[in-house]
Each structure stands twice: as structure tokens, then as C-alpha cells.
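> The structure is given below, and queries will be raised subsequently.
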Amino acid sequence: MSGVNKVIIVGRLGKDPEVRHLESGASVANFPVATSETYKDRNTGERKEQTEWHNVVLWRGLADISEKYLNKGDMVYIEGKLRTRSWEKDGITRYTTEIVGDNMTMLGAKNSNEGGGMSNSGGGSSYQAPSQPAADISADDDTDDLPF
Numbered sequence: 000m001s002g003v004n005k006v007i008i009v010g011r012l013g014k015d016p017e018v019r020h021l022e023s024g025a026s027v028a029n030f031p032v033a034t035s036e037t038y039k040d041r042n043t044g045e046r047k048e049q050t051e052w053h054n055v056v057l058w059r060g061l062a063d064i065s066e067k068y069l070n071k072g073d074m075v076y077i078e079g080k081l082r083t084r085s086w087e088k089d090g091i092t093r094y095t096t097e098i099v100g101d102n103m104t105m106l107g108a109k110n111s112n113e114g115g116g117m118s119n120s121g122g123g124s125s126y127q128a129p130s131q132p133a134a135d136i137s138a139d140d141d142t143d144d145l146p147f
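Position one of the sequence shown corresponds to residue 0 (numbering that gives the first Met the number 0), numbered consecutively onward.
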């Protein structure tokens, strides 16, 4: 039986996407995304926030779209898979784990009053890598019978 490697995150860009164009013509974008959760400390009763940083990699069309429309602070939905890669530097093997995105939805800018970029406070613009089947994600779809 094979396993499932599926990641979904919703968070804010930590910096503008860094896009490289390879000799083969392919584009690759790299950027960090922060996800945060709040909880109440049992000892003090105060609310605390915990932030996790995720390295995101987008290829080809998604990389081009991220270069055009994404900026630091923008909220995004990323769907993809985890990939760990290694390299050697100064005789030491180093590792990094990344989310290779195959679906991206721009959820709006940090502040919808700002002029730059695409700001969709009402919904979002969704883009998907062409090699993957389209995921039907719709907030208006009442046909499911999930209790939440």
C-alpha cells in the first residue's frame, strides 16, 4: 500500500517570492509562509500565539503567477506535498523540508486598502499546476453532508 503525502496551509508570506528562471525555461519560486495559532496558557490564563514557518516552492505557471501577484504579508492557501532534500556544504550534509505546491489560492492582501497587487477580500483567485487534476473547492457548495 502506498502512502499519502498531502499538505494544506493557509498563512501569510514572510517575504516577496524569489523567482529564478532555469536554462530549461522553467520558473521556480521560493518563499516562506507563516501559519499561526493562538491558545490560552493553562498556568497564566493569557492568550499566546505560536507561529510556524514553512518553505514553499512553486514551479512553472504557479511560479510566474506568484512573481506577478504575491507580496510579503499576502494571505495564501497552498496545497501540495512535503519534500526533503539534502546537499553537502563544507563536508557537512544539510537538509531542508519544503512544501512543493501544486495548488495556490490568493486570499487577499495584508490590507485591502493598499493599492499594489491583487487584493481579493471577498474570495480569492485560485491557480493550480496544470499537471494535477483540478480540486473542486467551493464555499458555496452545499452538497456535502459533513457536520462541520
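Idealized CB from N, CA, C, for every residue including glycine.
All figures in this text were calculated on a predicted structure; none of them were measured in a lab.
Would you call the CB atoms of V27 and Y76 closer than 8 Å?
As a first step, residue 27 must be located in the sequence shown, where it is residue number 28. As a first step, residue 76 must be located in the sequence shown, where it is residue number 77. Result no, Cβ atoms of V27 and Y76 do not sit closer than 8 Å.
> How about the segment 12–26 and the segment 57–74: do they share at least three Cβ pairs that are nearer than 8 Å?
Verdict: yes, contact present.
> Please identify the residue among D15, H20, N54, E45 whose C-alpha is closest to the C-alpha of P31.
Taking the sequence shown and counting its residues from 1, the one referred to as residue 31 is at position 32. Of D15, H20, N54, E45, the residue nearest in Cα terms is N54.
> Should N102 and E66 be called a contact, given that it needs their Cβ atoms to be closer than 8 Å?
The residue you call residue 102 lines up with position 103 of the sequence shown. The residue you call residue 66 lines up with position 67 of the sequence shown. Cβ distance not < 8 Å, so N102 and E66 don't count as in contact.
> With distances taken from CA atoms, which of R11, M0, K80, N70 is nearest E17?
By one-based count along the sequence shown, residue 17 stands at place 18. Among R11, M0, K80, N70, the Cα nearest to that of E17 belongs to N70.
> Taking the CB atoms as reference points, tell me whether G100 and R11 lie closer together than 8 Å.
In the sequence shown, counting from the first residue as 1, residue 100 sits at position 101. In the sequence shown, counting from the first residue as 1, residue 11 sits at position 12. No. Outside cutoff.
> Which residues mark the beginning and the end of the beta strand (DSSP E) in which K47 is found?
Working through the sequence shown from its first residue, we reach residue 47 at position 48. Counting along the chain, the beta strand (DSSP E) containing K47 begins and ends at 46–58.
> Using a Cβ-Cβ cutoff of less than 6 Å, which residues in the same chain neighbour E48 once the five nearest sequence positions on both sides are dropped?
For the purposes of this step, residue 48 is taken as residue 49 along the sequence shown, with counting starting at 1. Here the set comprises S35, T37.
> If distances are taken between C-alpha atoms only, which option among L21, M0, D40 comes closest to D63?
Locating residue 63 in the sequence shown gives position 64, where the first residue counts as 1. Closest by alpha carbon: L21.
> Given a cut-off of 8 Å, decide if Y94 and T104 are closer than it, judged by their beta-carbon atoms.
Counting from 1 along the sequence shown, the entry for residue 104 is found at position 105. Counting from 1 along the sequence shown, the entry for residue 94 is found at position 95. It is not a contact, given that the beta carbons lie outside the stated cut-off.
> Just verifying my parser: in three-state terms, what is the DSSP assignment at D40?
On the sequence shown, residue 40 is found 41 positions in, with the first residue counted as 1. Of the three classes helix, strand and coil, the one that applies to D40 here is coil, per DSSP.
> Take the Cβ of S137 as the centre, count every other Cβ of all protein chains shown within 10 Å, and call the residue buried at 16 or more, exposed below.
The residue labelled residue 137 in the question sits at position 138 within the sequence shown. Unreliable placement is indicated for S137, whose pLDDT of 40 sits below 50; the coordinate value is still reported in the next sentence. By the neighbour-count rule (16 or more Cβ atoms within 10 Å), S137 is not buried but exposed.
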